[in-house]
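Residue numbers (our numbering): 14 to 184. Beta carbons: idealized from backbone N, C-alpha and C, even for Gly. Read the structure below first, then the notes.
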Amino acid sequence: MKNIILIGFMGAGKTTVGRFLAWEKKMKFVDTDERIVLEQGMEIPDIFAQKGEGFFRDLETELLTRMQEDTCDAVISVGGGMPVRKQNRALLRSLGCVIYLSASKQTILERVRNDGSRPMLAGGGLKEKVERLMREREGFYRRAAHIDVTTDGRSVRQVLKIIEQETRRFR
Ligand code: S3P
């Protein structure tokens with residue numbers, strides 16, 4: 014089977030859901046942020062601070078390009094900004110079934126409030142930043158995805174069940 018790719022805003026639950034999904038389906042789990050950190054030997058905030066956002070975005074595109082060749086039968090969780098580039102959206106869709114995990118602004122704010130590891134949300138004005146980025150990105154997520162799954166008010170188990178049903182229909 015081809016890959017299952019989870020996209021969505023920071024705090025949507027991509028990594029958590031992805032790990033459980035991979036375990037349940039006995040598939041590999043790949044997290045693009047984790048791979049970038051490993052390959053660069055630097056944490057994401059340090060990459061942003063020392064090399065800039067553009068450098069990180071190029072790393073994301075370069076990784077997605079490489080994954081076309083070396084990744085199959087995997088659940089792949091990608092960073093929240095990955096679907097913003099048009100080129101990345103095409104690369105994501107050619108990797109497999111793309112699932113958009115969505116959540117309301119309120120849910121996202123609750124989940125990212127006490128997390129200092131996301132440079133896109135650092136430096137105060139959290140609510141405004143989340144609102145603006147969600148507004149800017151919503152259309153990109155929808156265009157990149159084959160399937161939308163709302164996570165609001167749902168447990169990980171419930172989200173997994175929906176993904177299971179939807180991906181069966183997708184195949
Ligand atoms: C980003 C999301 C992060 C990470 C980086 C940039 C974004 O991943 O890739 O901090 O632009 O939305 P998560 O969505 O896993 O937090």
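First and last residue of the uninterrupted alpha helix (DSSP H) at residue i
i, result
"SER107", "99 to 108"
"LEU95", "With the sequence shown as reference, residue 95 is identified as Met, and Leu is not the correct amino acid for it. Looking at the DSSP string, MET95 is not in any alpha helix (DSSP H), and its letter there is neither H nor E."
"GLY152", "139 to 157"
"MET80", "66 to 83"
"GLU177", "169 to 183"
Strand pairing of residue i, partner residues [DSSP]
i, result
"PHE42", "VAL88"
"SER130", "DSSP, once it has assigned bridges, lists no residue as partnering SER130."
"SER115", "THR163"
"LEU19", "SER90 and ILE112"
Beta-carbon spacing of residue i, residue j below 7 Å
i, j, result
"GLY24", "VAL125", "yes"
"ILE160", "VAL88", "no"
"LEU19", "LYS27", "yes"
"LYS140", "LEU134", "no"
"GLY92", "THR163", "no"
"VAL111", "PHE153", "no"
"LEU77", "ILE49", "no"
The ligand S3P heavy atom lying under 6 Å from the CB of residue i
i, result
"ARG145", "no"
"GLY129", "no"
"ILE176", "no"
"GLY26", "no"
Any non-hydrogen atom of the ligand COA closer than 6 Å to residue i Cβ
i, result
"ASP46", "Absent from the structure shown: the ligand COA. Ligands present: the ligand S3P."
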